[in-house]
Amino acid sequence: MQKENQNKIRLGIFVSIGLTLFIVAIYFIGQRQQMFSRTFHISGIFKDISGLQVGNNVRFSGINVGIIDGIQQITDSTVRVDMTIVERTRKFIKKNAKAIIGSDGLMGNKIVVITPGTSNKRALEDNDTIATTQPISMDDIMLNLKTTTDNTADITSDFAVITRNIRKGKGTIGKLFSDSVMANNVGEAMVNIKQGAGGFKQNMDAASHSFLLKGLFGKKKKKEESKMN
Amino acid sequence: MSNESVIINPEIIEKKISSLNSFQKGLTDFFEEVSALTHFTIHFFKEVFLPPYEWKEFLKQSFLIGYKSMPLVGITGFIMGLVLTIQARPTMSTFGAESWIPAMVAVSIVREIGPVITALIFAGKVGSGIGAELASMKVTEQIDAMEVSGTNPFNYIVVTRIAAATIMLPLLVIIGDAIGLCGSYLGVNIQGDVSFHLFFLQVFGKLDFSDVMPAVIKTFFFGFAVGLIGCYKGYNANKGTEGVGKAANAAVVFASLLVFIIDMIAVQLTSLFN
Numbered sequence: 019m020q021k022e023n024q025n026k027i028r029l030g031i032f033v034s035i036g037l038t039l040f041i042v043a044i045y046f047i048g049q050r051q052q053m054f055s056r057t058f059h060i061s062g063i064f065k066d067i068s069g070l071q072v073g074n075n076v077r078f079s080g081i082n083v084g085i086i087d088g089i090q091q092i093t094d095s096t097v098r099v100d101m102t103i104v105e106r107t108r109k110f111i112k113k114n115a116k117a118i119i120g121s122d123g124l125m126g127n128k129i130v131v132i133t134p135g136t137s138n139k140r141a142l143e144d145n146d147t148i149a150t151t152q153p154i155s156m157d158d159i160m161l162n163l164k165t166t167t168d169n170t171a172d173i174t175s176d177f178a179v180i181t182r183n184i185r186k187g188k189g190t191i192g193k194l195f196s197d198s199v200m201a202n203n204v205g206e207a208m209v210n211i212k213q214g215a216g217g218f219k220q221n222m223d224a225a226s227h228s229f230l231l232k233g234l235f236g237k238k239k240k241k242e243e244s245k246m247n
Numbered sequence: 002m003s004n005e006s007v008i009i010n011p012e013i014i015e016k017k018i019s020s021l022n023s024f025q026k027g028l029t030d031f032f033e034e035v036s037a038l039t040h041f042t043i044h045f046f047k048e049v050f051l052p053p054y055e056w057k058e059f060l061k062q063s064f065l066i067g068y069k070s071m072p073l074v075g076i077t078g079f080i081m082g083l084v085l086t087i088q089a090r091p092t093m094s095t096f097g098a099e100s101w102i103p104a105m106v107a108v109s110i111v112r113e114i115g116p117v118i119t120a121l122i123f124a125g126k127v128g129s130g131i132g133a134e135l136a137s138m139k140v141t142e143q144i145d146a147m148e149v150s151g152t153n154p155f156n157y158i159v160v161t162r163i164a165a166a167t168i169m170l171p172l173l174v175i176i177g178d179a180i181g182l183c184g185s186y187l188g189v190n191i192q193g194d195v196s197f198h199l200f201f202l203q204v205f206g207k208l209d210f211s212d213v214m215p216a217v218i219k220t221f222f223f224g225f226a227v228g229l230i231g232c233y234k235g236y237n238a239n240k241g242t243e244g245v246g247k248a249a250n251a252a253v254v255f256a257s258l259l260v261f262i263i264d265m266i267a268v269q270l271t272s273l274f275n
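In order, the protein sequence lines correspond to chains A and B. The first sequence begins at 19 in this note's numbering and counts up one residue at a time. The second sequence begins at 2 in this note's numbering and counts up one residue at a time.
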């Protein structure tokens, strides 16, 4: 009889442990899905939701604050995404806050990221519609990459033509490379410019020391010094 | 008109007829078995709601079937979680996704591996036990003696065992899953350093109601199938000691097969509703 009672107690403990674990699991999953906390609902209109699913997280300032609780196609190019957000974050999500569809890591699930608005605006109300920003999709990136690649191909083909012309001695730069007389002339011109610049410097130094222009140069010097300070 | 005659070998015809007869017999046996099992199931559902309710026997069977299976399920669950985590690490680290191991193992254990492995162990331990016990009762004519003494043997022996198996297996699976996750925690910390709090958050961060509820619901069916097959095979065992072994063996094989079939149907239904 005593053994039978002991067995009953053991069975009771076993069943209690099993049920407690189950209830704890349900509680924590429910808590994650904001089932036991006060929430409010907002929605956003997107052109493309990029594979977002019901149950995905809503993130604000890097914290999971809600979940997607509904996705509905409104027109051929717009999709309404309903979100449930915990009440305690409502005061931080302003009227001009924006929602964008992002990704949880490189391989993670899609999420909705809410960027905060400006503090002078009022907080979002229950059942409000939040402004959205269209995410950059992989297709857009590929399209841009294609345009860039096409432009690069055009530039390189043009550059090939230019270098071919230079090599053949066509154009000014081509002549400079192939015509030794012209190269000498350019060299002489450079020497003349250098000599001219040296002479001009000497004249200006002399002018700055002459009593007629001394005042003007002095003022200029003072102005530069005050600017430096 | 040609006068050619076809030579027919009577041996070939005899062989063909013999194989056809054996196929027919096999088919007939199969359908007879299905019919008998269906009658047995209907009989169970008729008896389960009718008094007298054998609470004492039900509690005793629950203790034997549930509590006594806990060490085996616990050890298996722990090893399962540990091994799964260690095996997953090299593949996950290739993608730099080690932090996803707890979530991946949790979803695997809770959704599929926990219920199925536990049910198979349950079929091996409990299914064979019930089959052998009932078959030996049948062989030693204890069941007939119960009938003579005015006790409803079906209600006392079969209903209590099937009900106990149906209710105990989900509890065993829940406890087995929890122990499996403890094993996974150990596995994560063999080559890494993750606090229990973080591990707990990572596990519950990815688990969903759609992971837990279908898994728990299907374990009721697994438990029912194991109990039903064990009782059916034992209750209908042939006389003789050979029948006991055959009943125990058939109970394990058939119950294990049924677990996989139920699991396949459950997965299809779950994906349909998701």
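The beta-carbon is built from N, C-alpha and C at its ideal position, and this holds for glycine as well. In this text the structure is predicted, and so the values were computed from the model without any measurement.
- The criterion of a C-beta distance shorter than 8 Å is not satisfied by residue 227 of chain B and residue 136 of chain B.
- For residue 61 of chain A, no alpha helix (DSSP H) run applies; the uninterrupted beta strand (DSSP E) run containing it begins and ends at 57-64, by DSSP.
- In terms of Cβ geometry, residue 116 of chain A and residue 149 of chain A form a close pair [threshold 8 Å].
- Taking 8 Å as the cut-off, the beta carbon of residue 147 of chain B is found closer than this to the beta carbon of residue 157 of chain B.
- Within 7 Å of the CB of residue 33 of chain A, the CB atoms of chain B belong to 172, in sequence order along the chain.
- Listed in chain order, the non-local C-beta contacts of residue 238 of chain B below 6 Å within the same chain comprise 136, 139, 244 and 248, local neighbours out to five positions each way being set aside.
- Close to chain B, meaning a Cβ-Cβ distance shorter than 7 Å, are the following residues of the region 66-92 of chain A: 73.
- According to DSSP, residue 90 of chain A shares a beta bridge with A:98.
- In the DSSP annotation of this structure, the continuous segment of the alpha helix (DSSP H) that includes residue 120 of chain B starts and ends at 115-123.
- Using a Cβ-Cβ cut-off of 7 Å, residue 46 of chain A is close to 205 of chain B, given in chain order.
- Excluding its 5 nearest sequence neighbours in each direction, residue 178 of chain B has C-beta neighbours in its own chain below 6 Å: 110, 111 and 115, listed in chain order.
- Here residue 75 of chain A is bridged, per DSSP, to A:85.
- If you draw a straight line from the Cα of residue 194 of chain B to the Cα of residue 230 of chain B, it comes to about 46 Å.
- The Cβ atoms of residue 77 of chain A and residue 131 of chain A sit closer than 8 Å to each other.
- The DSSP-derived three-state label of residue 245 of chain B is helix.
- If you check each beta-carbon in the region 179-201 of chain A against every beta-carbon of chain B, none falls closer than 9 Å.
- In the three-state reduction of the DSSP assignment, residue 69 of chain A falls in the coil class, being assigned neither a helical nor a strand state.
- In this structure, the CA atom of residue 42 of chain B is about 10 Å from the CA atom of residue 49 of chain B.
- Taking every protein chain shown into account, the CB of residue 185 of chain A has fewer than 16 other CB atoms within 10 angstroms, so this residue is exposed.
- Within chain B, 64 and 68 have C-beta atoms less than 9 Å from the C-beta of residue 28 of chain A, given in sequence order.
- Between residue 184 of chain B and residue 82 of chain B, the gap from beta carbon to beta carbon is short of 8 Å.
- Per DSSP, the beta bridge partners of residue 146 of chain A are A:60.
- The distance from the Cβ of residue 212 of chain B to that of residue 117 of chain B is about 14 Å, inconsistent with a contact at the 8 Å cut-off.
- Residues of the region 145-167 of chain A that bring their beta carbon within less than 9 Å of a beta carbon in chain B are absent altogether.
- Remark: three or more beta-carbon pairs, one from each stretch, lie closer than 8 Å, so the region 58-74 of chain A and the region 96-108 of chain A are flagged as touching.
- Around the beta carbon of residue 45 of chain A, fewer than 16 other beta carbons sit within 10 angstroms, so the residue counts as exposed.
- Classified as buried, residue 205 of chain B has 16 or more neighbouring CB atoms from the shown chains inside 10 Å of its CB.
- Judged by their CB atoms, residue 128 of chain A and residue 118 of chain A are not nearer to each other than the 8 Å cut-off.
- Within the DSSP secondary-structure output, residue 121 of chain A pairs in a beta bridge with A:128.
- By DSSP's assignment, residue 103 of chain A forms a beta bridge with A:58 and A:84.
- Contact of residue 40 of chain A with chain B is assigned, a C-beta pair being separated by under 8 Å.
- Taking the Cα positions, residue 162 of chain B is about 8 Å away from residue 66 of chain B.
- Residue contact with chain A for residue 105 of chain B: absent (no Cβ-Cβ distance below 8 Å to any residue of chain A).
- Taking a contact as a CB-CB distance under 8 Å, the pair residue 37 of chain A and residue 63 of chain B does not count as one, their CB atoms being some 13 Å apart.
- Interface residue (Cβ-Cβ distance to chain A less than 8 Å): residue 175 of chain B is classified as such.
- Residue 23 of chain A is outside the set of residues whose beta carbon lies under 8 Å from a beta carbon in chain B.
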